[in-house]
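Undergrad:
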Amino acid sequence: MSPPIIMTEHFITKFQNLLSPEECADVITLFEGSSAHHPGRTGSGVDPSKKNSLDLNITKLEAWKPYRQVIEQRVMAALANYVRSYPHLVTGAVAPSIIDPQTSQPRSITASELTALNDQTLSQIVHKIFRLDGFNMQRYSPQVGGYHHWHSEQFPHPNDSAQRSLHRVLLVLIYLNDVTDGGATEFIHQQVAIQPEAGSLLLAPCGFTHTHRGLRSATQTKYVLASWVMYQPAELLYAS
Numbered sequence: 001m002s003p004p005i006i007m008t009e010h011f012i013t014k015f016q017n018l019l020s021p022e023e024c025a026d027v028i029t030l031f032e033g034s035s036a037h038h039p040g041r042t043g044s045g046v047d048p049s050k051k052n053s054l055d056l057n058i059t060k061l062e063a064w065k066p067y068r069q070v071i072e073q074r075v076m077a078a079l080a081n082y083v084r085s086y087p088h089l090v091t092g093a094v095a096p097s098i099i100d101p102q103t104s105q106p107r108s109i110t111a112s113e114l115t116a117l118n119d120q121t122l123s124q125i126v127h128k129i130f131r132l133d134g135f136n137m138q139r140y141s142p143q144v145g146g147y148h149h150w151h152s153e154q155f156p157h158p159n160d161s162a163q164r165s166l167h168r169v170l171l172v173l174i175y176l177n178d179v180t181d182g183g184a185t186e187f188i189h190q191q192v193a194i195q196p197e198a199g200s201l202l203l204a205p206c207g208f209t210h211t212h213r214g215l216r217s218a219t220q221t222k223y224v225l226a227s228w229v230m231y232q233p234a235e236l237l238y239a240s
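Its first residue numbered 1, the sequence shown is counted upward by one per residue in full-length UniProt numbering.
1) Give the list of continuous alpha helix (DSSP H) stretches no shorter than 4 residues that lie fully inside the region 119-154.
2) Return the first residue and the last residue of the alpha helix (DSSP H) that I28 is part of.
3) Give the straight-line distance between the Cα atoms of T180 and A116, rounded to the nearest whole angstrom.
4) Please determine if the region 182-193 and the region 205-222 are in contact, where contact requires at least 3 C-beta pairs separated by less than 8 Å.
5) Measuring CB to CB, does S2 end up less than 9 Å from G199?
6) Can the beta-carbon of I174 be found closer than 9 Å to that of L202?
7) Leaving aside the five residues before and after H151 along the sequence, list all residues of the same chain whose C-beta is less than 8 Å from its C-beta, in chain order.
8) Within 10 angstroms of the Cβ of M7, are there 16 or more other Cβ atoms? Answer buried if so, exposed if not.
9) Are the Cβ atoms of R84 and S97 separated by less than 9 Å?
10) If we ignore side chains and look at the alpha-carbon of each, how far apart do L18 and F155 end up?
11) Might you give, ordered along the chain, the residues of its own chain that have their beta carbon closer than 8 Å to the beta carbon of L237, omitting 5 neighbours on each side?
12) Under the rule that 16 or more other beta-carbon atoms within 10 Å means buried, what is F135, buried or exposed?
13) Just mark N177 as buried or exposed, buried being the case when its beta carbon has 16 or more other beta carbons within 10 Å.
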């Protein structure tokens with residue numbers, strides 16, 4: 001079941017209660033107990049003037065596996081709900097086929113047909129087309145912490161031969177604690193600011209149209225989990 005949507009505007013959607021308060025606290029405790037932290041990086045490396053954070057890539061850490069599996073399952077459920085709101089994310093990009101009930105021949109599914117699908121069928125389509133990248137947990141300290149640089153999520157990566165950053169579709173940001181004094185995720189063109197609430201999920205497009213930054217808080221620490229919705233590899237996406 002998808003977490004409930006509490007706002008959607010300009011393709012920016014915030015979901016409530018992806019994680020419970022107890023789950024958020026457990027994740028933060030696990031992060032603070034790790035010895036594998038490193039300074040936050042952008043595509044061009046460590047630059048605190050752009051991004052000032054302490055990060056931990058949890059993707060391959062065994063202690064995080066139970067949490068990661070639950071989080072991935074819930075994010076994919078939320079993604080299906082997002083696709084139901086914005087079906088052209090699927091029909092315009094990949095155009096999956098269905099069997100026409102009148103002609104018994106395959107044809108592209110329409111946006112209205114996609115939104116009318118039951119949850120199970122829509123979830124199957126979403127899993128066939130999309131995947132999640134790894135998860136990176138980040139801690140932003142009061143006064144200095146923040147992703148200060150206006151940025152988007154799609155770019156040619158200088159060090160990744162697979163160029164996964166060019167396959168990104170939506171940004172995934174899970175807020176792990178409430179931040180009331182600054183700390184918002186701010187979108188420049190839409191003039192929208194999303195305030196962190198513990199357990200909430202933010203989905204938004206990765207392209208330059210949704211250029212954004214993470215504001216600093218003068219008094220509060222901010223914890224987030226970040227990832228991306230990506231297309232499946234072409235050899236899987238177009239396999240017969």
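Note that CB positions come from ideal geometry on N, CA and C, so glycine has one too.
TA: A quick look at the data gives this:
1) Runs of the alpha helix (DSSP H) spanning 4 or more residues and lying entirely within the region 119-154 occur at 119-129, in chain order.
2) Position 28 of the sequence shown, counting from 1, holds the residue named residue 28. Unbroken alpha helix (DSSP H) run through I28: 21-32.
3) Taking the sequence shown and counting its residues from 1, the one referred to as residue 180 is at position 180. Taking the sequence shown and counting its residues from 1, the one referred to as residue 116 is at position 116. A direct Cα-Cα distance of roughly 38 Å separates T180 from A116.
4) With a cut-off of 8 Å, the region 205-222 and the region 182-193 count as touching, because enough Cβ pairs lie within range.
5) Residue 2 sits at position 2 when you count from the first residue of the sequence shown. Residue 199 sits at position 199 when you count from the first residue of the sequence shown. The answer is no: Cβ separation not under 9 Å.
6) The residue you call residue 174 lines up with position 174 of the sequence shown. The residue you call residue 202 lines up with position 202 of the sequence shown. Result yes, Cβ atoms of I174 and L202 sit closer than 9 Å.
7) Looking up residue 151 in the sequence shown gives position 151. The answer, listed in chain order, is T42, K50, T211, H212, R213.
8) Within the sequence shown, the letter at position 7 stands for residue 7. Exposed, since its Cβ has fewer than 16 Cβ neighbours within 10 Å.
9) Your numbering for residue 84 matches position 84 in the sequence shown. Your numbering for residue 97 matches position 97 in the sequence shown. Going by C-beta atoms, R84 is not nearer than 9 Å to S97.
10) Position 18 of the sequence shown, counted from the first residue, corresponds to residue 18. Position 155 of the sequence shown, counted from the first residue, corresponds to residue 155. So the alpha carbons of these two residues sit roughly 28 Å apart.
11) Start at 1 with the first residue of the sequence shown, and residue 237 comes out as number 237. Shown here for L237: same chain residues with a beta carbon closer than 8 Å to its own, the five before and five after excluded, namely V94, K128, I129, Y231 in chain order.
12) Within the sequence shown, residue 135 is the residue found at index 135, counting from 1. Buried.
13) Residue numbering aside, residue 177 sits at position 177 when the sequence shown is read from its first letter. N177 comes out buried.
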